Structures are given as structure tokens and as C-alpha cells.
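Comments concern the structure below.
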Amino acid sequence: MKTLKFKSKKDFLFQLIILGIVGFCMNIVVLEGMGSGLDKWSFININILLLVCGFLLWLYYGTYYELTQTHLKYNCGPIKGNIEIKEIREIIKDKTLWVGLKPATARKGLIIKFGKYDEVYISPEKNDEFINHILELNDAIKIRTSDS
21 MKTLKFKSKK DFLFQLIILG IVGFCMNIVV LEGMGSGLDK WSFININILL LVCGFLLWLY
81 YGTYYELTQT HLKYNCGPIK GNIEIKEIRE IIKDKTLWVG LKPATARKGL IIKFGKYDEV
141 YISPEKNDEF INHILELNDA IKIRTSDS
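Numbers given in our numbering equal positions in the sequence shown, counted from 1, plus 20.
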């Protein structure tokens with residue numbers, strides 16, 4: 021099996037927050053830049069705001085998941101990791117994890133439980149398609165929906 025890549029779903033709330041903050045910061049950068057001359061602190065403030073915007077856009081556009089024969093790999097900006105597929109014991113579908121490791125950009129994704137007590141939350145565009153592919157690699161994974 022070749023490596024399968026899954027984009028992350030982006031729900032309206034996440035888009036509103038990320039793009040709203042980026043728009044707000046860019047507005048400040050433009051207004052600060054239009055002022056009468058840039059002093060040292062204005063230059064520092066603009067650079068910090070541009071770094072924040074770059075980081076948020078990296079999270080927004082750089083979130084995806086890959087399935088290989090042996091691993092589930094996740095990328096969310098600077099957050100990267102992988103999980104051995106044989107270590108995955110359970111997937112909870114259509115639930116949101118509010119605390120913990122969340123390389124995701126939407127609600128109602130998948131909580132993946134692996135190892136003894138570890139879990140990670142991801143949000144592929146199509147939960148069912150992702151689950152079907154991962155079950156081909158390890159059919160011992162227990163699948164639960166959020167209401168069961």
C-alpha cells in the first residue's frame with residue numbers, strides 16, 4: 021500500500037477564529053505602517069504580528085494526516101508525530117477532544133486511543149473514509165461513535 025494523505029477538515033468556527041485573528045493583525049500592521057515614520061518599537065510590533073499571522077496560517081494550511089503501512093503520521097504546523105498502527109486500540113468517531121494533543125482544525129473528528137493511556141485528536145475531511153483505510157491495516161481497532 022502506498023502512503024495515503026488526508027487533508028484536515030476546517031470547520032466554520034476554526035476558520036472564523038484563525039482568519040479573524042490574521043485579518044485583525046494585518047489591519048494593525050497596515051495602520052502601523054501608514055503612520056508617520058516607523059520607530060524601533062513599531063518595527064518590532066509589526067514583525068511580531070507578521071510572525072503570529074505566519075504561524076496561524078501554517079496551522080491552517082499545514083494540517084494533514086498520512087497513513088503508511090505501519091504508521092499514522094500527523095502534521096499541524098510545528099506539531100508533528102506518528103503512531104504505530106498496531107498500537108491503536110480504539111477510535112471514537114464524531115467527538116471533539118477539548119484537552120490534550122489536537123493536531124486538528126475542526127470539531128467532530130476522531131479521537132485515536134493508542135498505547136496504554138495515550139490519545140490524539142484528528143479531524144480528517146471524511147471520518148468514514150479514514151476509518152475504512154485504517155481498518156484495512158489493523159482490523160482489531162475498536163470503532164465507537166460519540167453517543168455509544
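Every residue gets a Cβ at the ideal spot worked out from N, C-alpha and C, and that includes glycine. Keep in mind it's a predicted model, so treat the numbers as computed, not measured.
TODO: For F44, count neighbouring Cβ atoms within 10 angstroms of its own Cβ and tell me buried if that reaches 16, exposed if not.
DONE: For this step, residue 44 is matched to residue 24 along the sequence shown. F44 comes out exposed.
Open item on the list: Between the alpha carbons of E149 and L155, how many angstroms are there, rounded?
Closed with: Sequence index remark: in the sequence shown, residue 149 carries index 129 (1-based). Sequence index remark: in the sequence shown, residue 155 carries index 135 (1-based). In a straight line, the C-alpha of E149 is about 10 Å away from that of L155.
TODO: Return the CA-CA distance between K93 and F26, expressed in angstroms with no decimal places.
DONE: What you label residue 93 is simply residue 73 of the sequence shown in a count that begins at 1. What you label residue 26 is simply residue 6 of the sequence shown in a count that begins at 1. The alpha-carbon atoms of K93 and F26 are separated by roughly 10 Å.
- [ ] Take the Cβ of N147 as the centre, count every other Cβ of all protein chains shown within 10 Å, and call the residue buried at 16 or more, exposed below.
- [x] The residue given as residue 147 occupies position 127 in the sequence shown. By the neighbour-count rule (16 or more Cβ atoms within 10 Å), N147 is buried.
- [ ] Pull up the distance between the alpha-carbon of S166 and that of D59, whole angstroms please.
- [x] Your numbering for residue 166 matches position 146 in the sequence shown. Your numbering for residue 59 matches position 39 in the sequence shown. Using only the alpha carbons, I get a separation of about 54 Å.
- [ ] To the nearest angstrom, report how far apart D114 and P98 are at their CA atoms.
- [x] Mapped onto the sequence shown, residue 114 falls at position 94. Mapped onto the sequence shown, residue 98 falls at position 78. So the alpha carbons of these two residues sit roughly 25 Å apart.
- [ ] With G129 as the anchor, note down where its beta strand (DSSP E) starts and where it stops.
- [x] Reading the sequence shown from its first residue, position 109 is the one you call residue 129. Its beta strand (DSSP E) spans residues G129 to F134.
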